[in-house]
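Following: one structure in C-alpha cells, then a few remarks.
In UniProt numbering, the protein residues as written are 1 to 341.
In C-alpha cells, the structure reads:
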C-alpha cells in the first residue's frame, strides 16, 4: 500500500544471503542506514544534508508528478534518493537522470525486456562477472568482469550487458553503495580478436551511455589488468564516448600486480590477483542475484514505464540513424584491432 507521498509498505527487509558480505536492501519505508561517518561523507561529497533529505526527495517527487504525470516510476524515498545522490542533490540533473534511466529501457528492448536473473544464469555460470565479497577500505564494492570467459559462439554479447545491469541494480540498493560508489576490475586475460571486435562502436556507445548518464551509481575507478596489445583497439572504441572525468578513472595495470595492489589492497583481492581473500568464488554472487528473482520481476517485467510519455529524441539512442556512420567507424577500428593483434 502506498500513501500520497509514495511511501510503500512491503514488510521488513530480507536478511543478507548467507556467506556473502553484501548487505540487505534498506527498508521500504525510508529510515537512514548510514553510519555517522557516511552521513558526514555524504554531506561533504554529495551536498546531502540530513535535515533536508526528505524535503529534497519530496521536491524531486513533486517535479516528476507535475512535469511527467504519466511516467510509471517508483516514487518512494529510497528509490528517488539514488538519483539525488548520483547528481549531488541537483534536482534538475537528478530528474534528467531518472528520465534517462527509463528511456534506456525503451531504446534498448533486447536488454531490458524480461530482465531477470534466471534469463542470464548461463552468463553467471560461465564466470563472466562477480562481485567480490568484501568492499575495499573506502567501502566500495568491486565488480569483477572477465571478458575472456565469453566466446561469441556461446551466446549474444547483449546477455553480458543484461547480467551487468542486474548486478548494478543489486549493488545500488544499499545506501552505503550510493554514497561510496563502486570500483570495477576488468581482467582481459584470454581476450582475443573475436571478443574484442564483437561489440562494435554503437553497442559500446549504448553501454557507456547507461553507465555515465542513465544509471544512478558512482563509478569511482575502472582498473584494467592483463590487457593485451589488442586493448589499444578496444579502448579506441570506448574512449570517444567517455566523459573526461570518467576517462581519467581508467587505470591500466597490465600484468603488474604491485600496481593493482596500490589501488586495491591485497586483503580484499582473491588469490588470482595476488590477494589473500581465497580463490575467486563465482557462485556466491550468482546465488545473490538468483535469489532476488522476484524483486527483479516486479521491477522490470511490467508494462512500459514510458507508455504515454513524450520524450525528446535527444534522450534516446540514435539507433538506426547512426547505422551508416557506425559501420564506417567500426570498419576503421576493426582494422586497428587486426594491426594490434
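The beta carbon of each residue, even a glycine, is placed where N, CA and C say it ideally should be.
So residue i and residue j are in contact, right, with Cβ under 8 Å, and what is the actual spacing, rounded?
i	j	result
residue 74	residue 179	Going by Cβ atoms, the distance from residue 74 to residue 179 rounds to 20 Å, so no, they are not a contact pair.
residue 222	residue 171	With 8 Å as the limit, residue 222 and residue 171 do not qualify as a contact, their Cβ atoms being about 15 Å apart.
residue 289	residue 124	7 Å
residue 49	residue 296	33 Å between Cβ atoms; not a contact.
residue 122	residue 71	With 8 Å as the limit, residue 122 and residue 71 do not qualify as a contact, their Cβ atoms being about 33 Å apart.
residue 168	residue 150	Incorrect: roughly 18 Å between the Cβ atoms, too far for contact.
residue 208	residue 241	4 Å
Counting along the chain, where does the alpha helix (DSSP H) carrying residue i start and finish?
i	result
residue 220	Run containing residue 220: none in the alpha helix (DSSP H); it sits in the beta strand (DSSP E), 219-225.
residue 158	158-171
residue 237	231-238
residue 297	293-300
residue 109	109-112
residue 286	283-290
residue 36	36-46
residue 244	244-247
residue 64	53-67
residue 120	Run containing residue 120: none; DSSP gives neither H nor E here.
If you draw a straight line from the C-alpha of residue i to the C-alpha of residue j, how long is it?
i	j	result
residue 281	residue 190	19 Å
residue 268	residue 68	44 Å
residue 112	residue 162	7 Å
residue 283	residue 55	41 Å
residue 227	residue 29	45 Å
residue 45	residue 154	43 Å
residue 35	residue 152	44 Å
residue 298	residue 291	14 Å
residue 133	residue 232	31 Å
residue 38	residue 193	43 Å
residue 275	residue 22	19 Å
residue 47	residue 78	17 Å
residue 143	residue 135	10 Å
residue 206	residue 234	15 Å
residue 99	residue 255	40 Å
residue 108	residue 97	16 Å
residue 43	residue 33	15 Å
residue 76	residue 52	16 Å
residue 257	residue 66	52 Å
residue 41	residue 176	10 Å
residue 147	residue 110	20 Å
residue 300	residue 91	25 Å
Between residue i and the rest of its own chain, which residues show a CB-CB distance below 6 Å, the 5 nearest in sequence each way excluded?
i	result
residue 210	104
residue 224	186 and 252
residue 324	Model confidence at residue 324 stands at a pLDDT of 41, short of 50, so the residue's coordinates are unreliable and nothing is read from them.
residue 95	63
residue 213	100
residue 286	124
Excluding the 5 residues preceding and the 5 following residue i in the sequence, name in chain order all residues of the same chain whose CB lies nearer than 8 Å to its CB.
i	result
residue 145	128, 129, 164, 184, 185, 186 and 187
residue 239	247
residue 181	140, 217, 218, 219 and 220
residue 279	270, 271 and 272
residue 93	87
residue 118	290 and 293
Identify the continuous beta strand (DSSP E) that holds residue i and give its terminal residues.
i	result
residue 251	250-254
residue 263	Counting along the chain, residue 263 falls outside any beta strand (DSSP E), and DSSP gives it neither H nor E.
Mapping the DSSP letters down to three states, classify residue i as helix, strand or coil.
i	result
residue 76	coil
residue 154	coil
residue 141	strand
residue 182	strand
residue 131	strand
residue 187	strand
residue 374	Residue 374 lies beyond the residue range present for the chain, which begins at 1 and ends at 341; the question has no answer from this structure.
residue 93	helix
residue 22	coil
residue 275	coil
residue 49	coil
residue 2	Summary for residue 2: the model assigns pLDDT 41, below 50, so the residue's position carries little reliability; its value from the coordinates is reported in the next sentence. Residue state, collapsed to three classes: strand.
residue 29	coil
residue 319	Because the pLDDT at residue 319 is just 38, under 50, the model does not fix this residue reliably, and the value given afterwards should be weighed accordingly. Reduced to three states, the DSSP call for residue 319 is helix.
residue 126	helix
residue 280	coil
residue 306	Note that residue 306 scores 49 on pLDDT, short of 50, meaning its location in the model is unreliable; the coordinates nonetheless yield the value given after this. Residue 306 falls in the coil class under three-state DSSP.
residue 115	coil
Less than 7 Å between C-beta atoms, sequence neighbours within five positions excluded: which residues of the same chain meet that for residue i?
i	result
residue 80	57, 60 and 61
residue 120	159, 162, 163 and 166
residue 263	221, 223 and 251
residue 137	265
residue 244	none
residue 82	172, 178 and 216
residue 358	Any question about residue 358 goes unanswered here, given that the chain covers just 1 to 341.
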